[in-house]
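In the numbering used here, the protein residues as written are 2 to 274. Note that CB positions come from ideal geometry on N, CA and C, so glycine has one too. As structure tokens, the structure follows; a few thoughts come after it.
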């Protein structure tokens with residue numbers, strides 16, 4: 002049986018991040034992807050130049066329409082943008098899951114674009130923390146996002162990463178994966194905090210500027226694997242391996258002149274010449 006996964010996130014017209022990256026990752030990982038739009042952005046590989054938000058009631062309408070008709074096996078939440086949308090998403094998911102369906106919910110707290118543009122209003126952080134984090138099976142912040150959620154300085158070493166992962170898990174998520182890509186190191190370690198303790202996932206840093214959408218891609222791959230029945234630790238191992246391949250193959254694409262996208266279909270496409 003093919004699993005159905007819905008992404009609740011913003012759109013990237015250049016195709017490297019957001020809903021577009023989510024749908025590519027879902028397809029590459031063998032699940033059926035659906036999309037609820039929270040925002041339209043004007044962006045490319047060089048940065049974000051505009052954001053147009055979807056009215057919160059219509060975000061809720063989209064979620065309600067999907068759950069009213071389709072079996073949903075996992076939910077990925079990305080760009081929320083503001084407090085009103087965060088409240089609408091939380092209320093709609095509360096209603097959709099009122100019958101006790103325990104489906105995995107993965108939250109990738111999209112707060113800052115690769116080029117530095119803010120994608121989450123400051124007042125939305127409280128709503129995200131209070132209303133959405135307790136719903137999460139897995140929260141996947143990078144180092145700046147983890148620090149922003151905790152109102153702390155950005156972690157600069159593995160010990161600080163681990164401490165922030167445990168603090169974030171205390172806010173409600175069943176598990177937290179803090180991603181170490183921003184560390185000043187040749188390594189790119191991630192730490193997973195669960196009820197069983199801390200688990201480290203080591204990886205070599207790939208020397209490339211083509212990392213647009215890596216957070217969206219990883220969280221969507223995680224959602225796909227959880228939808229298929231993997232444990233959280235199994236899903237992290239599989240998704241990180243998939244993303245490593247996608248980053249390593251990013252140079253086979255010729256998209257834009259800034260931070261290019263990863264190659265979501267590296268295992269499926271044959272690149273000619």
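Mark residue 232 as exposed unless 16 or more other C-beta atoms lie within 10 angstroms of its C-beta, in which case mark it buried. exposed
Cβ contact (3+ pairs, closer than 8 angstroms) linking the segment 34-49 and the segment 4-14: yes
Is the segment 75-85 in contact with the segment 223-242, if contact means three or more CB pairs nearer than 8 angstroms? yes
Within 10 angstroms of its Cβ, does residue 70 collect 16 or more other Cβ (buried), or is it exposed? exposed
CB residue 241 to CB residue 4, shorter than 8 angstroms? no
Starting from residue 202, trace the beta strand (DSSP E) both ways and give me its first and last residue. 198-202
Does DSSP put residue 158 in a helix, in a strand, or in coil? coil
Does DSSP put residue 64 in a helix, a strand or coil? helix
Identify, in the order they occur along the chain, each residue of the same chain with its Cβ nearer than 8 angstroms to the Cβ of residue 124, setting aside the five sequence neighbours on each side. 83 and 84
For residue 239, which residues in the same chain have their Cβ closer than 8 angstroms to its Cβ, ignoring the five residues on either side in sequence? 222, 226 and 231
Rounded to the nearest angstrom, how far is the Cβ of residue 138 from that of residue 176, given a contact under 8 angstroms? 7 angstroms
My guess is that residue 213 and residue 262 are in contact by the Cβ rule of under 8 angstroms, so how many angstroms apart are they, rounded? 5 angstroms
If residue 166 and residue 179 are in contact, beta carbons under 8 angstroms, what's the gap, nearest whole angstrom? 4 angstroms
Determine the closest residue to residue 259 out of 95, 46, 28 and 42, with distance taken between C-alpha atoms. 46
Hey, residue 269 and residue 244: beta-carbon distance below 8 angstroms or not? no
Going by CA-CA distance only, name the one from 31, 126, 56 and 48 that's closest to residue 257. 48
Starting from residue 43, trace the beta strand (DSSP E) both ways and give me its first and last residue. 33-45
Based on the DSSP secondary-structure assignment, which residues constitute the bridge partners of residue 205? 188
Give me whichever residues DSSP pairs with residue 11 in a beta bridge. 40
Just the C-alpha distance for residue 211 and residue 248, rounded to the nearest angstrom, thanks. 7 angstroms
Output the distance between the C-alpha atoms of residue 98 and residue 51, rounded to the nearest integer angstrom. 34 angstroms
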